[in-house]
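When we follow the working numbering, the leftmost residue of the sequence shown carries the number 150, and every step to the right adds one. The beta-carbon is built from N, C-alpha and C at its ideal position, and this holds for glycine as well.
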Amino acid sequence: MAGDIHPNLLALLSALFIAAARMLYQSALGRISPDAVTVLVNFVSVLFASAFYRMGAGADRWPLQGLLWFALVGFIGSFSGRYLSFVSQRLVGAARTSIVIQSMLVWSTLLAVLFLGERLTAPVAAGSLLILAGGVALVSERGGERRGIPWLHYLVPLAAAFTFALTFLIRRWGLAWIPSSALGMGVANGTSLVLMTAVLSLPGGRSVRRWDRRGTGVAVLGGMCNAFSAFCFWSAIQYGEVVQVVPINRLSVLFVIALSWMYFRKEEAVTWRVAAGGASSVAGAVLIAAGR
């Protein structure tokens with residue numbers, strides 16, 4: 150099914166879907182908690198993964214090693230990373246979160262070189278520097294423009310970026326054992342859903358407060374967009390190369406910045422510095438993809 154589509158196009162489609170999902174998350178987070186959004190998104194993703202599997206994206210064998218790698222993706226990325234990204238959106242905003250998370254390109258490049266044997270060419274190195282420059286432009290805004298956001302808050306999206314980058318490596322290992330993007334997506338999100346439910350059920354743990362109807366509906370729509378994005382990206386990782394599909398997928402920042410300005414202009418101060426940081430990050434991503 151997805152194998153007939155070029156991995157780079159799958160990565161771009163994933164970027165389009167995830168940009169829409171993030172805007173829906175931002176709207177939902179104004180009505181329900183990050184805990185509730187995380188549970189809903191993972192639940193919807195598991196349902197869609199099951200549908201994709203039945204539509205032909207399955208596998209003949211399920212070796213335990215592959216299942217364990219997929220479950221680890223769920224713990225590191227779908228559970229820890231996604232929750233950190235939701236918290237980050239509340240702390241620093243959707244546009245800034247998206248740009249700081251661009252640093253996952255640096256982490257993923259290093260991991261690909263160290264563990265997948267990929268070469269760090271001059272264009273890839275230059276692209277990584279552009280991404281770092283974009284992050285500097287973001288966090289070096291003048292005090293009045295920054296809305297008083299503490300510097301420590303930027304550690305949250307940075308940590309999310311590293312966890313996501315680590316999952317790219319783990320996905321490749323899991324797909325080597327079980328070549329099914331749908332199964333990997335389902336196991337990863339199912340693991341995240343079980344973990345999140347267990348944490349919320351612990352004595353003294355936080356409960357999923359108020360299930361606002363509109364907020365829940367928006368979160369479910371975000372989960373649907375996320376499910377399509379996840380399947381496209383899992384497939385891109387399966388059939389493509391990390392150093393190419395990851396940067397293309399990160400072009401979602403263009404759509405996030407545009408949508409942030411259109412729908413959250415009163416909450417999201419998308420200044421020229423934020424736009425410049427985004428442009429630098431995107432330029433770095435393009436350079437990495439074109440110069441491998």
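- The segment 191-198 and the segment 335-344 touch, with three or more beta-carbon pairs separated by less than 8 Å.
- Ranking R321, V402, G333 by CA distance to the CA of Y388 puts R321 first.
- In its chain, beyond the 5 residues on either side, I327, L332 have a beta carbon closer than 8 Å to the beta carbon of W211.
- Judged by DSSP in its simplified three-state form, L408 adopts helix.
- Here the C-alpha atom of F380 lies approximately 23 Å from the C-alpha atom of A308.
- Within its own chain, the residues whose Cβ lies closer than 6 Å to the Cβ of P306, once the five positions on either side in sequence are excluded, are S237, T246, V249, I250, listed in chain order.
- Nearest to L213 by alpha-carbon distance, out of G323, R268, T346, N398, is G323.
- Rounded to the nearest whole angstrom, the CA to CA distance from T365 to A275 is 42 Å.
- Using a 10 angstroms sphere on the CB of R268, the tally of other CB atoms stays under 16, which defines it as exposed.
- For F317, the closest alpha carbon among the candidates L351, I386, L263 is that of I386.
- Taking a 10 Å sphere around the C-beta of A439, we find fewer than 16 other C-beta atoms and assign the residue as exposed.
- One thing to note: V241 has its Cβ no nearer than 8 Å to the Cβ of Y174.
- A Cβ-Cβ distance of about 6 Å is found for the pair L189 and V369, placing them in contact under the 8 Å criterion.
- Counted as a single uninterrupted DSSP element, the alpha helix (DSSP H) harbouring G323 occupies residues 304-326.
- Annotated three-state conformation of G371 is helix, per DSSP.
- Secondary structure at W211: coil, using DSSP grouped into helix, strand and coil.
- Linking L436 to P272 through their CA atoms gives a straight-line distance of about 6 Å.
- The beta carbon of S229 sits closer than 6 Å to the beta carbons of T312 from its chain, once the five residues preceding and following it are set aside; these are given in chain order.
- The three-state secondary structure of D153, taken from DSSP, is helix.
- The beta-carbon distance between I406 and A164, rounded to whole angstroms, is 13 Å. This is too long to meet the 8 Å contact definition.
- Here DSSP, grouped into helix, strand and coil, assigns D184 to helix.
- Its chain contains A168 as the residues whose beta carbon lies nearer than 6 Å to that of F404, once the 5 sequence neighbours on both sides are disregarded; these appear in chain order.
- At least 8 Å separates the beta-carbon of M253 from that of A160.
- For a cut-off of 8 Å, the C-beta gap from L279 to G433 is around 3 Å, short enough to register as a contact.
- With contacts defined as CB atoms closer than 8 Å, F235 and P183 qualify as a contacting pair.
- N191 has its alpha-carbon roughly 8 Å from the corresponding atom of S227.
- Bounds of the alpha helix (DSSP H) holding P396 are 391-398.
- With a cutoff of 8 Å on beta-carbon distance, A376 and V193 are scored as near each other.
- In summary, W383 is buried, with 16 or more beta-carbon neighbours lying within 10 Å of its beta-carbon over all protein chains present.
- For G226, there is no enclosing alpha helix (DSSP H), as DSSP marks it with neither H nor E.
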